[in-house]
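Below is one structure, written out as structure tokens; the observations come after it.
Protein chains: 2
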Amino acid sequence: MDIKIIDVAVKAGVSAATVSRVLNGNASVKTRTREKVERAIVELGYHPNAVAKNLRSQKSMTIGIIVPDVNASYYTEMIKGIENMAYSRKYKVIICDAENDRDKELAYLNLLLSRTVDGMILATPSLTDDEISGFSDKGYSVALVGRRIEHDKVPCIFTDNVKFSKEVVYHLVGQGYRDIVFLSGYAETVDSYERLEGYLKGLKEHQIPFRPELVENGNFNETGGYEAMIRLFDKKLTFTAVYAANDEMALGVYRACRERGIRIPEQLAIVGVDNNRVSKYLNPTLSTVNQPKYAMGAVIAEKLIDQMNDDEFSDVKIFKVDSELIVRGSSDCRLSG
Amino acid sequence: MDIKIIDVAVKAGVSAATVSRVLNGNASVKTRTREKVERAIVELGYHPNAVAKNLRSQKSMTIGIIVPDVNASYYTEMIKGIENMAYSRKYKVIICDAENDRDKELAYLNLLLSRTVDGMILATPSLTDDEISGFSDKGYSVALVGRRIEHDKVPCIFTDNVKFSKEVVYHLVGQGYRDIVFLSGYAETVDSYERLEGYLKGLKEHQIPFRPELVENGNFNETGGYEAMIRLFDKKLTFTAVYAANDEMALGVYRACRERGIRIPEQLAIVGVDNNRVSKYLNPTLSTVNQPKYAMGAVIAEKLIDQMNDDEFSDVKIFKVDSELIVRGSSDCRLSG
DNA sequence: ATTCAAAATGAAATCGATTTCAACAACAGA
DNA sequence: TCTGTTGTTGAAATCGATTTCATTTTGAAT
């Protein structure tokens with residue numbers, strides 16, 4: 011049913027090899043022959059079969075990304091960075107949404123591991139460091155986002171969670187808030203762990219005793235933030251500020267506050283993380299930590315592609331990037347009008 | 011470097027054919043043989059090469075989606091629906107972000123056309139109806155989102171833009187707003203065209219004369235909405251309401267209003283489309299049209315997969331779904347406190 | 001006109017799996 | 001024990017391209 015290379019060859023009166031040479035343009039073909047072949051390609055509407063091509067040439071010029079949730083702007087904006095860098099290097103990008111489900115994560119990992127792509131960017135937490143090292147050792151090109159492993163062939167990029175979390179605490183304390191809730195994402199992720207660490211250090215440097223009951227877990231989404239806040243309210247604890255692990259969870263905090271009639275920031279200050287596109291439209295506007303998502307995507311894509319091509323000129327593999335606190339109305343009364 | 015099927019075969023003392031049979035589990039293999047093979051697979055850490063498999067079996071159990079922007083929740087929520095339906099039918103999903111760029115769109119289309127996937131869902135506007143029909147006729151499985159073509163093998167799903175646009179106008183007129191701006195997305199898309207049509211019909215049914223100067227184009231994003239509004243303000247036109255082609259553009263309207271000190275909804279009412287996850291958190295909360303994005307994704311994925319498998323039991327291919335107007339503070343003073 | 005290197009081309013091998021087909025083994029029934 | 005059916009297995013063909021290697025053409029230099 012499909013037109014194959016041999017059909018083009020017959021129509022142009024040449025061999026399949028010659029058609030292939032025209033297609034790939036790296037060997038010498040006489041101008042007249044080339045023209046005949048090109049005409050045949052157009053007339054037959056020939057589309058090379060990428061599967062066969064990839065099998066033979068052992069590459070696909072494609073990189074794959076596995077993200078935990080395509081609905082999270084943190085990832086989609088990073089994807090934009092990856093996408094554009096990849097495109098400029100002639101790579102295509104395919105995106106897989108693991109939906110925070112370990113089974114799907116493994117299913118998509120298997121898809122990528124079975125050579126459908128030349129390299130992969132993993133933004134998912136489920137694999138162990140050893141497993142990732144193992145993939146690299148077996149010849150797969152891997153790069154990581156949001157975590158690091160010590161391996162000289164695995165580029166990693168992540169933000170300095172500890173640093174900006176301390177800054178969040180500094181800021182809140184500076185505004186007079188001392189009883190600060192930490193609303194963690196999935197407790198077992200590196201991001202959550204490090205943000206907790208920064209939160210603890212921040213408290214310590216201000217001699218504020220740590221109250222474990224002020225740490226609650228959510229799951230990085232609105233519902234998780236809402237439910238965690240309801241739990242906290244129902245425990246009748248005293249607190250005056252919330253540091254939410256991301257803006258999405260902060261939305262849930264807004265909802266809980268609205269339900270309970272609590273005014274932001276007078277009665278409760280809120281700081282999120284991510285600088286979601288809409289955070290400046292909330293009421294009040296949401297203080298948050300801006301992460302250079304697009305740039306992170308572009309950098310990790312570039313390093314992965316370099317690695318895939320054995321371009322050894324870049325030997326730095328570990329990128330820790332700084333994030334910036336953006337103070338808005340949810341944590342500063344002067345800005346909340 | 012990689013372990014191949016023949017390596018497993020040698021290790022297990024059988025032929026490659028037998029290993030393949032164990033792998034795919036559809037032919038009979040003695041239990042003892044099966045165990046030997048399974049042990050060899052585990053011991054060698056064998057991963058089948060999907061590219062070779064796909065070439066031979068002429069399928070990949072994968073469907074591809076091309077969206078104009080992965081950053082738009084309209085698409086990501088639909089992707090969730092596609093993803094879950096596909097997963098339940100043992101299909102994987104790869105997502106391509108064409109970034110509203112015709113070249114990328116064609117590049118990704120070519121990727122999908124070259125048999126990397128078994129079927130594709132297109133949510134991009136750049137192809138003509140004839141081109142799409144042509145793909146289907148050539149044996150490619152295609153489904154469409156947000157547009158329709160008349161072809162008995164191409165499932166299509168879209169919302170009744172005319173209907174809900176008329177409802178938006180009814181609602182605004184009912185609230186006393188008669189000078190209604192229509193902020194269109196890309197003018198050339200079907201969605202934009204039909205929404206304009208609904209807007210015009212809505213006006214007509216209320217005997218409100220159409221003022222062409224109240225129609226502005228944006229590009230479905232925040233910046234587009236903002237810039238269009240600034241243009242309108244600068245023209246010193248009189249208008250009291252804005253119907254924005256999506257919530258993202260409505261955000262831009264909010265920004266423009268804030269800059270110009272215009273109160274929503276007292277001085278200007280706003281209605282968007284999409285029911286973006288955050289629209290109910292805006293200040294004031296945004297009136298919008300809820301589209302059943304997840305369900306639309308699930309339905310189109312199911313129909314595409316049926317089509318791919320020639321399951322003729324479902325002969326309905328065209329799905330027009332209804333959307334629901336959600337009235338909130340941005341267009342109703344009573345709700346805007 | 002002859003020679004010879006360089007350019008152009010085709011036949012066949014190859015990528016790594018699946019699948020067909022034929023051969024062989026196992027086992028039930030006579 | 002023999003026959004026939006069913007169940008297992010392997011050799012070889014196949015998917016559709018690229019690439020190697022050998023061969024033929026070309027064209028410049030003599």
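As they're listed, the protein sequences go chains A and B. Read in our numbering, the first sequence has 148 at position 138, and its numbers run on one by one without any break. Read in our numbering, the second sequence has 184 at position 174, and its numbers run on one by one without any break. From the three backbone atoms N, C-alpha and C, an ideal C-beta is built for every residue, glycine too.
If the cut is a Cβ gap below 9 angstroms, which residues of chain A does residue i touch?
i: A117 of chain B; result: Y97 and K102
Below 8 angstroms on the Cβ atoms is my guess for residue i versus residue j; work out the distance and round it to an integer in Å.
i: D107 of chain A; j: D79 of chain A; result: 7 angstroms
i: V263 of chain B; j: I240 of chain B; result: The pair is not a contact, with the Cβ atoms about 10 angstroms apart (cut-off 8 angstroms).
i: H181 of chain A; j: V337 of chain A; result: 6 angstroms
i: G74 of chain B; j: V155 of chain B; result: About 13 angstroms; that fails the 8 angstroms criterion.
i: A19 of chain B; j: V29 of chain B; result: 5 angstroms
i: E177 of chain A; j: L335 of chain A; result: 5 angstroms
i: R112 of chain A; j: S136 of chain A; result: 5 angstroms
i: I89 of chain A; j: G307 of chain A; result: 6 angstroms
i: G208 of chain B; j: N171 of chain B; result: 6 angstroms
i: T295 of chain A; j: S333 of chain A; result: Incorrect: roughly 18 angstroms between the Cβ atoms, too far for contact.
i: N286 of chain A; j: S83 of chain A; result: 5 angstroms
i: Y153 of chain A; j: L314 of chain A; result: Here residue 153 of chain A turns out to be Ala, not Tyr, going by the sequence shown. Going by Cβ atoms, the distance from A153 of chain A to L314 of chain A rounds to 4 angstroms, so yes, they are a contact pair.
i: L193 of chain B; j: A238 of chain B; result: 5 angstroms
i: L242 of chain B; j: V283 of chain B; result: Between V283 of chain B and L242 of chain B the Cβ distance is about 18 angstroms, and since that is not below 8 angstroms, they are no contact.
i: L398 of chain B; j: L261 of chain A; result: Because chain B here runs from 11 to 347, residue 398 of chain B falls outside it and cannot be looked at.
i: A351 of chain B; j: Y187 of chain B; result: Since the first residue shown for chain B is 11 and the last is 347, residue 351 of chain B is missing from the structure and cannot be characterised.
i: V77 of chain B; j: I105 of chain B; result: 7 angstroms
i: G212 of chain A; j: S175 of chain A; result: 6 angstroms
For residue i, go through chain B and note every residue whose CB falls closer than 9 angstroms to its CB, in chain order.
i: P58 of chain A; result: S124
i: N293 of chain A; result: Y291, L292, N293, P294 and T295
In chain A, which residues lie less than 8 angstroms from residue i when you measure between Cβ atoms?
i: L121 of chain B; result: A60, T72 and K102
i: K114 of chain B; result: Y97
i: V80 of chain B; result: V80, T86, I89, K90 and I105
i: E177 of chain B; result: In chain order: nothing, as chain A lies at least about 25 angstroms away.
i: E93 of chain B; result: D107 and E109
Mind checking who residue i pairs with in its DSSP beta bridge?
i: L335 of chain B; result: B:V299
i: S151 of chain A; result: A:G129
i: V252 of chain A; result: A:V191 and A:I280
i: C106 of chain A; result: A:I76
i: L292 of chain A; result: B:L292
i: N227 of chain B; result: B:S194
i: I328 of chain A; result: A:C166
Identify the contact partners of residue i in chain B, using a Cβ-Cβ distance below 7 angstroms as the criterion.
i: N64 of chain A; result: V61
i: E223 of chain A; result: Neighbours of E223 of chain A on chain B: none; closest Cβ ~28 angstroms, over 7 angstroms.
Which residues in chain A sit within 7 angstroms of residue i, going by Cβ to Cβ distance?
i: S83 of chain B; result: N81
i: V288 of chain B; result: L261 and V288
For the region 110 to 136 of chain B, which segments carrying the beta strand (DSSP E) assignment without a break, of at least 3 residues, lie completely within its bounds, in sequence order?
List check, beta strand (DSSP E) in window: 129 to 132.
Chain B contacts made by the region 258 to 273 of chain A, where a contact means CB separation under 7 angstroms:
For the region 258 to 273 of chain A, which is checked against every Cβ of chain B, the residues closer than 7 angstroms are L261 and Y264.
Restricting to runs no shorter than 3 residues, where is the beta strand (DSSP E) found entirely within the region 158 to 215 of chain B?
Segments of the beta strand (DSSP E) lying fully in the region 158 to 215 of chain B: 166 to 169 and 190 to 194.
The region 205 to 239 of chain B: which residues have C-beta closer than 9 angstroms to a C-beta of chain A, in chain order?
Result list: E232.
Hey, which unbroken runs of the alpha helix (DSSP H) at 4 residues or more fall wholly within the region 20 to 90 of chain A?
Fully enclosed alpha helix (DSSP H) runs of 4 or longer: 26 to 34, 41 to 54 and 60 to 67.
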